[in-house]
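Chemist: For what it's worth, this note's numbering labels the leading residue of the sequence shown as 81, then goes sequentially.
Yeah, the Cβ is synthetic: ideal placement off N, Cα and C, and Gly gets one too.
Dropping a structure here in structure tokens format, bear with me for questions.
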Amino acid sequence: MNHHLALRIVLAALLVWACMPAHAGTPQVLVNPGAPIQAHFEYWEEPTAQASIDEVTALPQDQWQLQAEGEGTFGITSSAYWLRFSVSNRTDDRQNLIAELAYSQLDDVVFYVYSGDTLVRQVRTGDTRPFYPRDVDHPNMLARFTLAPNDARTVYIRIETAGSMILPLRVWREHAFYEAAADEQKLHFFFYGCLTVIILINLAVFLSLRERLYLYYALAISGYLLFFTSITGFSFQHFYPRAPVLHGNVLLLSMPTLALFSILFCLEFLRIKAHSPRLYKALLAMLGFELVYFATILLVSYNTAILLGAVSAFVFFSLLFIAGPISWAEGIRAGAFFTVAWIPLTVGVLATAGRALGFFPENFFTEHAMQIGSGLEAFILTLALADRLYREREQKFRAQADTLREEKARSEAQNRLNDAMTHDPVTCLPNRNRFEWMIDRQLAEDPDGHYMVGVARITRLDEINRTLGLSRSERLLKTIAQQMMELAAKLPITHAIHDSQGRIERVYQLSGDSFGILVDVRKASGDFTALDKALKQLSDPVQLDNLAIETHPRFGAASYPQHGDTAALLIRNAHVGMEMTPHGRFRTGIYSPDHDIYNESRLTLLTDLREALNQNQTQLHYQPKVNLTSGEVVGLEALVRWHHPERGWVPPGEFIPLAEETGGITELTQWVVAQALADLAELHRDHPTLTMSVNVSARDLVSSNLENLFETQLRRHGVPADRITVELTETAALEDPERGLKVLQALNGLGLRISIDDFGNGYSSLSYLKQLPATEIKLDRSLILDIDASEGSRMIVATAIRMAKGLGYQVVGEGVETPDTANLLREMGCDMLQGYWVCSPQPLPMMRTWLAAGFYAAVDRVYLAQKR
81 MNHHLALRIV
91 LAALLVWACM
101 PAHAGTPQVL
111 VNPGAPIQAH
121 FEYWEEPTAQ
131 ASIDEVTALP
141 QDQWQLQAEG
151 EGTFGITSSA
161 YWLRFSVSNR
171 TDDRQNLIAE
181 LAYSQLDDVV
191 FYVYSGDTLV
201 RQVRTGDTRP
211 FYPRDVDHPN
221 MLARFTLAPN
231 DARTVYIRIE
241 TAGSMILPLR
251 VWREHAFYEA
261 AADEQKLHFF
271 FYGCLTVIIL
281 INLAVFLSLR
291 ERLYLYYALA
301 ISGYLLFFTS
311 ITGFSFQHFY
321 PRAPVLHGNV
331 LLLSMPTLAL
341 FSILFCLEFL
351 RIKAHSPRLY
361 KALLAMLGFE
371 LVYFATILLV
381 SYNTAILLGA
391 VSAFVFFSLL
401 FIAGPISWAE
411 GIRAGAFFTV
421 AWIPLTVGVL
431 ATAGRALGFF
441 PENFFTEHAM
451 QIGSGLEAFI
461 LTLALADRLY
471 REREQKFRAQ
481 ADTLREEKAR
491 SEAQNRLNDA
501 MTHDPVTCLP
511 NRNRFEWMID
521 RQLAEDPDGH
531 YMVGVARITR
541 LDEINRTLGL
551 SRSERLLKTI
561 AQQMMELAAK
571 LPITHAIHDS
581 QGRIERVYQL
591 SGDSFGILVD
601 VRKASGDFTA
611 LDKALKQLSD
621 PVQLDNLAIE
631 THPRFGAASY
641 PQHGDTAALL
651 IRNAHVGMEM
661 TPHGRFRTGI
671 YSPDHDIYNE
681 SRLTLLTDLR
691 EALNQNQTQL
701 HYQPKVNLTS
711 GEVVGLEALV
721 RWHHPERGWV
731 PPGEFIPLAE
741 ETGGITELTQ
751 WVVAQALADL
761 AELHRDHPTL
771 TMSVNVSARD
781 LVSSNLENLF
791 ETQLRRHGVP
801 ADRITVELTE
811 TAALEDPERG
821 LKVLQALNGL
831 GLRISIDDFG
841 NGYSSLSYLK
851 QLPATEIKLD
861 RSLILDIDAS
871 EGSRMIVATA
881 IRMAKGLGYQ
891 VVGEGVETPD
901 TANLLREMGC
911 DMLQGYWVCS
921 PQPLPMMRTW
931 LAAGFYAAVD
941 RVYLAQKR
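Now the structure itself:
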């Protein structure tokens, strides 16, 4: 009996042993009613990564190591790791479970689910495989299995990866997993959405302000967004699920991308170059490393790339971590924001890198540290950029307000100067150029109209000046001008316009003693009685200081379109008509081409001029240009003179305009340039620094030969180009602005200097004159004629000089005839002067003698004493 009982006990024990699961030593994961599932596992490191599942299941127990926490971080390794755990259902319900490795960056993962010794399920996944089909639609590594009540399963997991071996094991009830996954997805979408909004805001600011700082920040945040969506597997799941190779490359490239633009943002935001040269060099070196890393990252092994990325991240974030305090210490306000912002990000990055290298355990903080840190950093730096933008805007608004005030003051000064340049300083009437502009505009607007240009000249004005003096003569002119304006206002046939200040213009002052009006003939209906009556009143003596002064005015007129179709021609013909005897009962001489005594004479004069050029009968006289500071002669102006064999000396005012109108000016200019440069080459033997000014006309500017002319003569005579100044009147520059500007730029390109002559005598477009490559402005003699006697004239000249020097020009005063005028110009800041007080124009031999004697021997010693 005892033997039978002992046998039964042994057989029962053997039967129980045979019926036990083959994995009895495996850690038990218990599924208890109403309690969370606590996961833990055993692991075995396989260096060769060649073992089969059968070999693994046959391993003795001492080969397995227990990981009681259920999470393992093994760093970067080439070994394969096997996990083993058992799940036991201690409930009365069927359990649908999910085993999860909560890390998306595992290359190859295979789940083996055993019931006893029978393999009931095998799931292959990993981020080196296409995302679909997966057992569960989630970036992490998951496998589903089912447990009947009081049933058990043993799970083996094989993991191989080229990156960090991070193995956080979790076992979920199916419904609990999906709830947790939904909550996690909401957090991810919130985080990604915040980063996207920050990116879009900064891109919008960049597109608005064109400041690279905001572009760098948007690209840096884009790098973070790319990194996080890649490392969590979000982008692999949603954007390229069938391209696992692309997924790995995107993750690798995202790391140097965020580093590159973070460094650029730091350099721009903290202005490190200005206050910390050594840190600037260190960041540039880091920038260079990241560029090389970006270019070569796909050429090295994945493990090497990940390792380099983790190490570079440590160095990169350490550098940026100290950049903030350094800038803060230098007083840079942005440094405080940067320091505060970089602390949570640096902590997060270090935690993430330590987790990847296996230094830190796998937990919620190390898993999400970089997201938390980057979110805080992005929020703080966005506040910093908003603060910077606000302060910059405030500074810009203040600067704009200051600029507007300056512009307003400058505009008012320019308006005053324009007004002074377009109006006579004595009578305040608009001048000849304004008259021409008005006529040309009216004819362009009404080409089919019928108009008459009328001119009046006070013939005794020179006599009155000599008799009564300049001051009383100016008062007389003011009285006559006022009378003309009152009479014109009563004549409906007189054309009137409003200027920019709202003033009515009817009467224009063409010169010191000449006035003009434009009459609409159609409004007169053939009856000019009222006009003639007004002219008769102008002929009456003018009362001044109890004196009845006879002015002896003369009147002339020319009709459009019979006598001309431009303002200049009509005014010219009206002046010619003034010399013709009035017909009938009217006091006005009407132009007639049959009685134009100048035509034949001027044509003959042009023929004689061409012959004079061929026979070298013309000559150049030179007038010196003197520096007002040093008293030295700095240059000469070449002035053409012509001694006619029959008429004697012909004034330049006669033959030069004739040459310009008929095209003969081209030959004259060629002769002047050649002779002037030849004389300058000779003068340079004794005066090597001397410059030469040569005048060109509007016709010369439209000629295609002017640039070649100067280039040829410079080369021929060996004269340096910077010793030649090309002078042209402001009116000539405006005749064909586009063509004139191109020619002057070409001359300037040769090295020639450009000077604007007779400045203030024409109605100039200052905006156009600023475009000219000029370095010098010559004030017209009419502006400075009486600055020593007239306060108004002094104010105009002083304003002109300040404006010209403010625009970068040197200023030359022309027509200086007294030492007082010279002293006033010097006090106003004028740079140079010309005039008869220094020296009248002289032929070359006399000028050579004058230069040899020196400037100080020729000028008034009183001026020199005052200057010293």
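#1: Per DSSP, residue 707 forms a beta bridge with which residues?
#2: Going by beta carbon distance, what residues of the same chain come within less than 6 angstroms of residue 745, once the five residues before and after it are set aside?
#3: Round the Cβ separation of residue 816 and residue 863 to the nearest angstrom and send it over; I've been treating them as touching at under 8 angstroms.
#4: Taking the beta carbon of residue 573 as the centre, do at least 16 other beta carbons fall within 10 Å, making it buried, or is it exposed?
#5: Taking one C-beta from the region 123 to 133 and one from the region 258 to 271 each time, how about it: are there three or more such pairs within less than 8 angstroms?
#6: Residue 880 to residue 520, Cα distance in whole Å?
#7: Say whether the region 890 to 903 touches the region 911 to 927, bearing in mind that this needs 3 or more beta-carbon pairs closer than 8 angstroms, one atom from each stretch.
#8: Which same chain residues end up closer than 7 angstroms to residue 420 when comparing Cβ atoms and leaving out the 5 residues on each side of it in sequence?
#9: Report the three-state DSSP secondary structure of residue 581 (helix, strand or coil).
#10: Considering Cα atoms alone, identify which of 316, 511, 161 and 307 is closest to residue 454.
#11: Could you tell me how far apart the beta carbons of residue 327 and residue 207 are, in whole angstroms, since I believe they sit closer than 8 angstroms?
#12: Out of 300, 121 and 111, point me to the one whose CA is closest to residue 226's CA.
#13: Starting from residue 248, trace the beta strand (DSSP E) in both directions and tell me its first and last residue.
#14: Quick one: residues in its chain with C-beta nearer than 7 angstroms to the C-beta of residue 865, no 5 flanking neighbours on either side, listed in chain order?
#15: For residue 185, count neighbouring Cβ atoms within 10 angstroms of its own Cβ and tell me buried if that reaches 16, exposed if not.
#16: Which one of 537, 700, 586 and 610 has the shortest CA to CA distance from residue 630?
#17: Please list, in chain order, all residues of the same chain as residue 502 whose beta carbon is under 8 angstroms from its beta carbon, the five residues on each side excluded.
#18: Answer yes if the region 404 to 421 comes into contact with the region 360 to 372, meaning at least three C-beta pairs across the two stretches below 8 angstroms, and no otherwise.
#19: Which one of 710, 424, 406 and 127 has the shortest CA to CA distance from residue 241?
#20: Just how far apart, CA to CA, sit residue 719 and residue 750?
#21: Per DSSP, residue 531 forms a beta bridge with which residues?
#22: Excluding the 5 residues flanking residue 933 on each side, which residues of the same chain have their C-beta closer than 7 angstroms to its C-beta?
#23: Could you tell me if residue 25 is buried or exposed, where buried requires 16 or more neighbouring beta carbons within 10 angstroms of its beta carbon?
#24: To the nearest whole angstrom, what separates the beta carbons of residue 534 and residue 597, a pair I think is in contact under 8 angstroms?
#25: How long is the line joining the alpha carbons of residue 929 and residue 757, rounded to whole angstroms?
#26: Confirm, please, whether the CB-CB distance from residue 219 to residue 313 is below 8 angstroms.
#27: Taking only three categories from DSSP, how would you classify residue 660?
#28: How would you call residue 457, buried or exposed, if buried means at least 16 neighbouring beta carbons within 10 angstroms?
#29: For residue 872 and residue 795, what's the separation of their Cα atoms in angstroms?
#30: Below 8 angstroms, can you find three or more Cβ-Cβ pairs linking the region 242 to 256 to the region 170 to 178?
#31: Just to check, is the beta-carbon of residue 175 closer than 7 angstroms to a non-hydrogen atom of the ligand SAM?
#32: In this structure, how does DSSP classify residue 933 when only helix, strand and coil are distinguished?
#33: DSSP on residue 712, reduced to helix/strand/coil?
#34: Could you say which of 649, 654 and 628 lies nearest to residue 638 if we only look at CA atoms?
#35: Three-state secondary structure (DSSP) at residue 104?
Modeler: In short, the structure shows the following:
#1: 912
#2: 739, 777 and 779
#3: Rounded, the Cβ-Cβ distance is 26 angstroms, inconsistent with contact.
#4: buried
#5: no
#6: 27 angstroms
#7: yes
#8: 460
#9: coil
#10: 307
#11: 6 angstroms
#12: 111
#13: 244 to 253
#14: 895
#15: buried
#16: 537
#17: 510, 511, 513, 514 and 843
#18: no
#19: 127
#20: 14 angstroms
#21: 600 and 640
#22: none
#23: Nothing in the structure corresponds to residue 25, since the chain is present only between 81 and 948.
#24: 5 angstroms
#25: 19 angstroms
#26: yes
#27: coil
#28: buried
#29: 47 angstroms
#30: yes
#31: Of the ligands one can find in the structure shown there are none, so the ligand SAM has no counterpart to examine.
#32: helix
#33: coil
#34: 654
#35: Residue placement at residue 104 is flagged as unreliable, the pLDDT there being 43, under the threshold of 50; the coordinate-derived value follows with that caveat. Coil at residue 104, not helix or strand.
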